[in-house]
Amino acid sequence: MQTSPDRHEYPAHWEADVVLRDGGTARIRPITVDDAERLVSFYEQVSDESKYYRFFAPYPRLSAKDVHRFTHHDFVDRVGLAATVGGEFIATVRYDRIGADGTPASAPADEAEVAFLVQDAHQGRGVASALLEHIAAVARERGIRRFAAEVLPANTKMIKVFTDAGYTQKRSFEDGVVRLEFDLEPTDRSLAVQYAREHRAEARSVQRLLAPGSVAVIGAGRTPGGVGRSVLGNIRDAGFTGRLYAVNRALPEGQKELDGVPAHRSVRDIDGPVDLAVVAVPAEQVLDVVTECGEHGVQGLVVVSAGYAETGGIEGRDRQRALVRHARTYGMRIIGPNAFGIINTSPRVRLNASLAPETPRPGRIGLFAQSGAIGIALLSRLHRRGGGVTGVTGVSTFVSSGNRADVSGNDVLQYWYEDPDTDVVLMYLESIGNPRKFTRLARRTAAAKPLVVVQGARHGAAPQGHAVRATRLPHATVSALLRQAGVIRVDTITDLVDAGLLLARQPLPAGPRVAILGNSESLGLLTYDACLAEGLRPHPPQDLTTAASAADFHAALSRALADDRCDAVVVTAIPAVGEGSVGDAALAEALRSAAAAAPAKPVLVVHVELGGLAEALSAAASTAPQAAADDPPPPAPRQAPPEERPLTAQRPPADATEQDPTAEAPEGTRLIPAYPAAERAVRALAQAVTYAQWRRDAADPGRVPEYDDIDQKGAAALIDGLLARGQGLTLGTEETCDLLGHYGIDVHRALPAPTPDAAVEAARTLGHPVALKATAPHLRHRADLGGVRLDLADEEQLRRAYAELTELFGDPDELRPVVQRMAPRGVDVVVRAVIDPAAGAVLSFGLAGAASQLLGDTAHRLIPVTDREANSLVRSIRTAPLLFGWRGTAPADTRALEELLLRVSRLVDDHPEVVAVTLEPVVVASHGLSVLGASVRLAPPPARDDLGPRTLPAY
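Its first residue numbered 3, the sequence shown is counted upward by one per residue in this note's numbering.
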């Protein structure tokens, strides 16, 4: 792109890729002098009606003067943006700065006229809405605060674009024209509109990939084997309901089929649309394939080809950038490269466009994996556990994103949020490209359905090929923030599957009270201990003895479920030996029928190699729905060898009802999950209990309180004056106290004491008793090293303490001693806030000293913090009992502590220039608290892309 010859350089940072309402993409960029021919071509394809709406008169063609005016911009007072697909304009928007009299003006005038023109073939795709977001962001950057637009009353589509944007606006009617004026400052409503549009567009873009009407596998080899040929066979064998094509440029001239699938040498030769292309050619040939797909109108790509950024080399990264840019030029989205593929088990689609040789059982679990290897492991475990433990609990959709150069976990979350076929979301993540957005989407998703996440690469760099934002937050902090958003964080893929199987078809527990019953006293005690270890409240185990019959189990489970003091039941079972012992099918039916009578409480089974019980549990819990007469039967899944199965997949007795183990259970069927170890069952239950409590709390998240004594404007003026000195600085003591004082945070003064006499004078100023502290970096906040003397009641004690400190630690110049008035005794805590470039503003809290520094006992919340979140923050650290009267001590004033947390949160939220705050120590007494030390760092605020216009990650 050439730079404009006008007075400002070409603003490359205004370029962006966006997802449109229908799921396709477009490129938004500034219009330059080089675009004259594109503009004329674009205008020729606009209908006469749209031209009339734009110019209020018949305007069949642009004059040379018009073309010059619409392509020559100074990028300050006159700006034009274009939305492009395939390099050609599909829409334009322009603003011209005007003065109070409506004539062209320059700064400081802060109003501009804005006008759009959208090609008729692309109207209704949300192009104008996306352009409005971007032109508004450009205008704000250039000091424009208000837009004005004149629209003909008949142009209802454009009026709707403005009125639906969510900005504060005024409307008037004069001389047959509707005049709209609206402020450009983002509002809660405009952000909500933006997020809703983002959700619809990104969800639709994923839906187009997962439910295509036609698929072409490009690179399907002529001989069996190979990646492309394998994917082609997997799609065919899964019974894909749409049209399937094989593409290989090396096919002989007359060959029309490959494995019974229509075959072509190029996607261009296919007669009809292609919605999805699976690309399995060598990396150096992919760009040519993308061009062919784009020109044929392909909507999306799954690139399984490797040789990109995962190689770790510059060439691979450059090749990946070129791939994404080229695909977006044609409005296509990409899964991959280096992807394992995608699966959709819906009977309406039946797509297995992956390297998995078998389609997993259909079910209610959505599965996302960034790693192909982990994706294979998860599919395998769900396949085995689905048949051996819970029968028909399987997968709705599966996405393996590979290098996730384009489509990411955020996009798939947008799709799953409203997907009626998905009840539970399981995700394996090795990196989070946009943590701020992921947290927002996760919170919304978790409020509707469980979201379980396991993170790989927790203690090292992200995998090669993943573009991630730098973060200064440790993994423990990121995990805590995810939990705050309602994410169920687990550590292993085993835990991921365990939790998913429980959440897929069992109700959420109403509380932590657990009944335990079974035919093994020892297994019951193990379960009891596991419950205590996970923070649950178990009832004493009920031992039914090894002689228990199916009727005994049914009666005991029915009593437990009917008990109002019980929120969940864990049934433990071991094999019974001897004549008359309970059979698997009978026991399964007994448990199922008892559970069905109390559908509001979850039931889990812990078994010990109990033959076919788990299979019988699922068989007893479902009746296979009849397939439609014209639906081809799904392929029979491969049975795992016995050594792979957690339970023996025995056939039920002859008198048991015959079931199809691959069929999905009817909606609402109670599938009782079984686990081979008490610890695993209880861990999954504890995660469900925590998540259920989060759901209840999320219904009333609290509020961010207002405080009458906060001086936001005064703080802003102080910050502006301080930042005028430089780009970033740590404030001095007086400046820190002044700034915090604007938010009602009083810091105890600490007066320097470079000599004994200065210490005595400081004590007279403050009043006895005082504390004498060494503030040298190696002694600060280290009372255990002896650098602090407390309760100095008079001058004699102060001079003696001063002499002791200098004798122990050296010259006062090294010690940097200060004198501070004594605060009431209490519990020492530390409060911190930091703005992380990836995660955003984070508030942290813990006890001062070893508890937080050595043991990492610190809790975190995203800013802004509500009153309920401040309350939970104080109580969420392991050492919280010290604040609440542990072992007879006086309880601390936690109300005052929560208010301090809320004030710090407000300070950082109101002023993003405050990039770090530390209050240490804060002594929380029985009544009130004392902030004894504070530091504040200012810097220009990091960019907030979540407040700007919608964009795809830049490449």
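Even for Gly, the Cβ is constructed at its ideal location relative to N, Cα and C.
Computed from a predicted structure; not experimentally measured.
{"Item": "Count the other C-beta atoms from every protein chain shown that fall within 10 angstroms of the C-beta of leucine 800, then say buried if there are 16 or more, exposed otherwise.", "Value": "buried"}
{"Item": "From this set, Leu510, Leu498 and Arg515, which residue's C-alpha is nearest arginine 698's C-alpha?", "Value": "Leu510"}
{"Item": "Would you kindly work out how many angstroms separate the C-alpha atoms of glycine 704 and glutamine 322, rounded to a whole number?", "Value": "45 Å"}
{"Item": "Going by the DSSP bridge assignment, what does isoleucine 960 pair with across the sheet?", "Value": "What the structure shows of the chain is the stretch from 3 to 957, and residue 960 is not part of that stretch, so it cannot be assessed."}
{"Item": "So proline 923 packs on valine 832, CB below 8 Å; how close in whole Å?", "Value": "6 Å"}
{"Item": "Do threonine 27 and leucine 954 come within 8 Å of each other at the CB atom, strictly closer than that value?", "Value": "yes"}
{"Item": "For threonine 732, count the other beta carbons within 10 Å of its own beta carbon; 16 or more makes it buried, fewer makes it exposed. Which is it?", "Value": "exposed"}
{"Item": "For a cutoff of 8 Å on Cβ pairs, would you count valine 291 as touching chain C?", "Value": "No chain C is present in this structure, which holds just one protein chain."}
{"Item": "Starting from serine 907, trace the alpha helix (DSSP H) in both directions and tell me its first and last residue.", "Value": "896 to 912"}
{"Item": "With burial defined as no fewer than 16 other Cβ atoms inside 10 Å of the residue's Cβ, what is the status of arginine 270: buried or exposed?", "Value": "exposed"}
{"Item": "Per DSSP, tyrosine 419 forms a beta bridge with which residues?", "Value": "Bridge partners of tyrosine 419: none, in fact."}
{"Item": "Which residue comes first and which comes last in the beta strand (DSSP E) that contains arginine 491?", "Value": "490 to 492"}
{"Item": "Take the Cβ of tyrosine 1 as the centre, count every other Cβ of all protein chains shown within 10 Å, and call the residue buried at 16 or more, exposed below.", "Value": "In the structure as shown, the chain starts at 3 and stops at 957, and residue 1 therefore has no counterpart that could be examined."}
{"Item": "Which of the three DSSP states is assigned to tyrosine 61 in this structure?", "Value": "coil"}
{"Item": "In whole angstroms, give me the CA-to-CA distance for glutamine 301 and glutamate 294.", "Value": "12 Å"}
{"Item": "Return helix, strand or coil for phenylalanine 886, following the three-state DSSP convention.", "Value": "coil"}
{"Item": "Which value, in whole angstroms, describes the spacing of the CA atoms of leucine 792 and arginine 823?", "Value": "10 Å"}
{"Item": "On the DSSP letters alone, give me the boundaries of the beta strand (DSSP E) that arginine 791 sits inside.", "Value": "790 to 794"}
{"Item": "Count the other CB atoms within 10 Å of the CB of serine 524; is the residue buried (16 or more) or exposed (fewer)?", "Value": "exposed"}
{"Item": "Is it true that the stretch 365 to 373 meets the stretch 423 to 432, where meeting means three or more beta-carbon pairs spaced less than 8 Å apart?", "Value": "yes"}
{"Item": "Helix, strand or coil for serine 52? Go by DSSP, reduced to three states.", "Value": "helix"}
{"Item": "Can you give me the start and stop residues for the beta strand (DSSP E) that lysine 172 sits inside?", "Value": "171 to 176"}
{"Item": "Isoleucine 92: beta carbon under 7 Å from a heavy atom of the ligand SAM?", "Value": "The ligand SAM is absent from the structure shown, which contains no ligands of any kind."}
{"Item": "Counting Cβ pairs closer than 8 Å, one from the stretch 99 to 108 and one from the stretch 34 to 41, do we hit at least three?", "Value": "no"}
{"Item": "Please report the distance separating the alpha-carbon of arginine 751 from that of leucine 934.", "Value": "8 Å"}
{"Item": "When you compare only the Cα positions, how much space is there between glutamine 416 and arginine 880?", "Value": "35 Å"}
{"Item": "Using DSSP bridges, identify the partner residues of aspartate 98.", "Value": "Arg80 and Glu115"}
{"Item": "Out of Thr494, Ala285, Ala557 and Ala686, point me to the one whose CA is closest to proline 514's CA.", "Value": "Ala686"}
{"Item": "My assumption, with CB atoms under 8 Å, is that leucine 325 sits in contact with valine 288. Please give the rounded CB distance.", "Value": "6 Å"}
{"Item": "Quick one: using the 10 Å Cβ neighbour count with 16 as the cut-off for buried, is phenylalanine 1 buried or exposed?", "Value": "There is simply no residue 1 to check, as the chain begins at 3 and stops at 957 in what is shown."}
{"Item": "Taking 8 Å as the cut-off, decide whether the C-beta atoms of alanine 337 and valine 401 are in contact.", "Value": "The sequence given here places isoleucine at residue 337; alanine does not occur at that position. Yes, Cβ-Cβ distance for isoleucine 337 and valine 401 is below 8 Å."}
{"Item": "I'd like to check one pair, arginine 99 with alanine 111: are the Cβ atoms closer than 8 Å?", "Value": "yes"}
{"Item": "State buried or exposed for isoleucine 316, treating a residue as buried only when at least 16 other CB atoms are found within 10 Å of its CB.", "Value": "exposed"}
{"Item": "Could you compute how far the alpha carbon of valine 409 sits from the alpha carbon of glycine 734?", "Value": "46 Å"}
{"Item": "Under DSSP, the beta strand (DSSP E) around serine 216 begins and ends at which residues?", "Value": "216 to 220"}
{"Item": "Would you say the stretch 199 to 209 touches the stretch 261 to 280, given that touching needs at least three Cβ pairs under 8 Å?", "Value": "no"}
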